[in-house]
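Inspection log for the structure reproduced underneath, given as structure tokens.
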Amino acid sequence: MTGPAEGKLPLKGEVYLCLDGEEVKLENVSVYIHLKGYALARVTHLDIEHESLNGLIPPKHGKFLTVKGVKDGIEIVLDKSSKEVKPRKIKIVSPILNMVLLPNQKTRTWVGGKIDGIYIGFRKPEVRKLEEIAEKHFKMSPL
Amino acid sequence: MFNSIIWLITGRCNLNCRYCYAYRFKGLEELNRDECLRIIREAAELEVDHISFTGGEPFLRKDIFDLLSEAKNLGIYVTVVTNGSTINEERVKELSRFGVFVYLSVDGVKETHEKVRGAGSWKFIEKSVSFFKRFGVEFATVTALNKQNYVETENLLRFSADSGASYHCFIPIMPFGKASWLDVLDKEEFLSFFKILEDSLVKVDVTVDLWCMPFAERFISSPNVYVNVCRGMSAIDIGVDGSILLCDVLDIALTNIKGRSLKDVWVEYENHKLIKNILNPKLDNPCNLCPVKSKCLGGCYARSYAMYGDFNKPDPLCPAVTNKNTQKRLS
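Line by line, the protein sequences are chains A and B.
Remember, our numbering sits 1070 above the position in the first sequence when you count from 1.
Remember, our numbering sits 58 above the position in the second sequence when you count from 1.
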């Protein structure tokens, strides 16, 4: 689902689309830790919601992509093969996400599409770190 | 343009596994160190963000750490597949230093693993896991599914979780190399495997990747399973001798990178009629009627080709495919 809901924990931050050396800041973007058990989430994941992310990955589809830690956030390296995909990277600036991936730390993980956005389906070690953030900063746990 | 390279960096191996598809690469002349370094540098220039070194056993190459370090220094995410037998403290320290992610082949728990990989091979797994934990090397466990080990799925997942693996991968053995159609899981066994997997994931907290079985999309609903689909994955397979392979299980070389730039090779690859065919499959029934056809895209084209001589036919291992001739051959 898209938009705020119980169990969707908003992270302060900014999101940029990186196109061949140029970074475009998305206005009114939402980044949530979406906890398992809330609003139909079956596993804790990270939502990035903005209408301009439509079409990058179709809803209910996904693929393994490299997600890496950068200074004050994380970056998704997009697949170059899709003709619809113009940006090379999506950068999520939110320092708290360095609790999940340290700068220069990388993983190949699932990035899925949803209506008006995308989500990152991490592996269990990173999922546990997302849930630690939820516990520590929002006093909430997955159901 | 592609993002990822799957690179059979050597055909040599120190084990003699029962279902190995890659043993047919033994004896091929390998690309030399300078050629490999050149390809890695060109890959970085082309913004390739992942190289997976596989084989054979990659650590049998004396220059493997030169290649790993070059790729890492150029900002590429590097993974390496190993049988664990060549893992020692010195190598693990290097893997840790370079931040290389390791795929460790585990084909069962103890006895079952040794039935496939040879007597005494389990101790390599235990030793590798212990070193990975000690030196903080991130790793995943990988099981080549066969008729003996799929029933051990829960134990495999427990081993993976207890070992500290980031996730566990399953890939069906392929009817190429040493394995035949009679060795691969049949339709009922696949359905049993999916059921066992879903039941196990209720009990064991681990993430699972399924490789080379895109049809799992139709049968698996656990949110802890990611199903990999290789059509359109934007990856290329580099063979031991520099061949650019359609798939590493098929002996179909589209071109060769020896003495040629990676960019030129990619252009040739992308425009090859077989690649165009595979990326835009003309699916047959029952795939056309399948609810997951847009994700699965007909399944594994290599198996379709091996069974029917046609890349567009349905994956013969898909439980939803009930062609009588296929089932007869599988049983």
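Built from N, CA and C at the ideal position, the CB exists for glycine as well.
As the structure is a prediction and not an experimental result, all values here were calculated from the model.
| Asked | Found |
| --- | --- |
| Measure the C-alpha to C-alpha separation of Asn286/B and Trp239/B and round it to an integer number of angstroms. | 22 Å |
| Please report the distance separating the alpha-carbon of Ala1109/A from that of Gly1183/A. | 17 Å |
| Exposed or buried, which one is Val1094/A when buried takes at least 16 other CB atoms within 10 Å? | exposed |
| When you compare the segment 1185–1200 of chain A with the segment 1116–1135 of chain A, are there three or more beta-carbon pairs, one atom per stretch, that lie closer than 8 Å? | yes |
| Counting only beta-carbon separations shorter than 8 Å, does Pro1212/A have a partner in chain B? | no |
| Once you ignore the five residues that flank Phe182/B on each side, which residues in its own chain have a CB closer than 6 Å to its CB? | Gly142, Ser143 |
| Would you mind stating whether Leu118/B and Asp299/B have Cβ atoms separated by less than 8 Å? | no |
| Use the C-beta contact count for Lys1209/A: other C-beta atoms within 10 angstroms, 16 or more gives buried, fewer gives exposed. | exposed |
| Can you give me the C-alpha to C-alpha distance between Phe248/B and Asp267/B, rounded to a whole angstrom? | 15 Å |
| Flag this pair as yes or no: are the beta carbons of Ile64/B and Ser110/B separated by less than 8 Å? | yes |
| Within 8 Å of any Cβ in chain B, is that where the Cβ of Asp1117/A sits? | no |
| So, under 8 Å CB-CB, Lys1078/A and His1104/A are touching, yes? Tell me the CB distance rounded to an integer number of Å. | 5 Å |
| Helix, strand or coil: which one does DSSP assign to Phe228/B? | strand |
| For Ser1100/A, which residues does DSSP report across the bridge? | Glu1119/A |
| Which parts of the segment 304–368 of chain B are runs of the beta strand (DSSP E), unbroken and 3 residues or longer, counting only runs that do not cross its ends? | 311–314 |
| How far does the alpha helix (DSSP H) with Val1085/A in it extend, from its first residue to its last? | Counting along the chain, Val1085/A falls outside any alpha helix (DSSP H), though it belongs to the beta strand (DSSP E) covering 1084–1089. |
| Rounding to the nearest angstrom, what Cα-Cα distance links Leu332/B and Ile231/B in this structure? | 24 Å |
| Tell me the rounded alpha-carbon separation between Phe277/B and Phe123/B. | 41 Å |
| Assuming the contact rule is C-beta atoms closer than 8 Å, Leu203/B and Leu243/B should be a hit. Round their C-beta distance to whole Å, please. | 6 Å |
| First and last residue of the alpha helix (DSSP H) that includes Asp92/B? | 91–103 |
| Indicate whether at least one CB of chain A lies closer than 8 Å to the CB of Asn343/B. | no |
| Looking at the unbroken alpha helix (DSSP H) that takes in His171/B, where does it start and where does it end? | 169–175 |
| Any beta carbon of chain A sitting closer than 8 Å to that of Thr265/B? | yes |
| Ordered along the chain, which non-local residues of its own chain (more than five positions away) have a Cβ less than 8 Å from that of Met1169/A? | Lys1199, Glu1202, Ile1203 |
| So within the segment 118–189 of chain B, which uninterrupted alpha helix (DSSP H) runs reach at least 4 residues, ignoring any that extend past its ends? | 122–131, 147–156, 169–175 |
| Specify the secondary structure class of Pro1129/A as computed by DSSP and reduced to three states. | strand |
| Just the C-alpha distance for Thr112/B and Asp295/B, rounded to the nearest angstrom, thanks. | 10 Å |
| Which residues of chain A have a Cβ atom closer than 9 Å to the Cβ of Lys353/B, listed in chain order? | Lys1130, His1131, Gly1132 |
| Restricting to Cα atoms, I'd like to know which of Pro1165/A, Lys1106/A, Ile1190/A is closest to Ile1146/A. | Ile1190/A |
| Would you call the segment 257–272 of chain B and the segment 219–237 of chain B touching, i.e. three or more CB-CB distances under 8 Å? | yes |
| Whose C-alpha, out of Cys345/B, Gly317/B, Ile134/B, is nearest the C-alpha of Ala101/B? | Ile134/B |
| Between which residues of its own chain and Ser154/B is the CB-CB distance below 8 Å, once the five residues before and five after are set aside? | Phe193, Gly194, Val195 |
| Short of 6 Å in beta carbon distance, which residues of its chain neighbour His330/B, apart from the five on each side in sequence? Order them along the chain. | Leu312 |
| Using DSSP with H/G/I as helix, E/B as strand and the rest coil, what is Ile254/B? | helix |
| Can you give the beta carbon distance from Val1085/A to Ile1144/A, rounded, assuming they're within the 8 Å contact cut? | Between Ile1144/A and Val1085/A the Cβ distance is about 11 Å, and since that is not below 8 Å, they are no contact. |
| Smallest Cα separation from Lys49/B: which of Ser62/B, Asp241/B, Asn61/B, Ile97/B? | Outside the modelled stretch of chain B, which goes from 59 to 389, sits residue 49/B, for which no answer is possible. |
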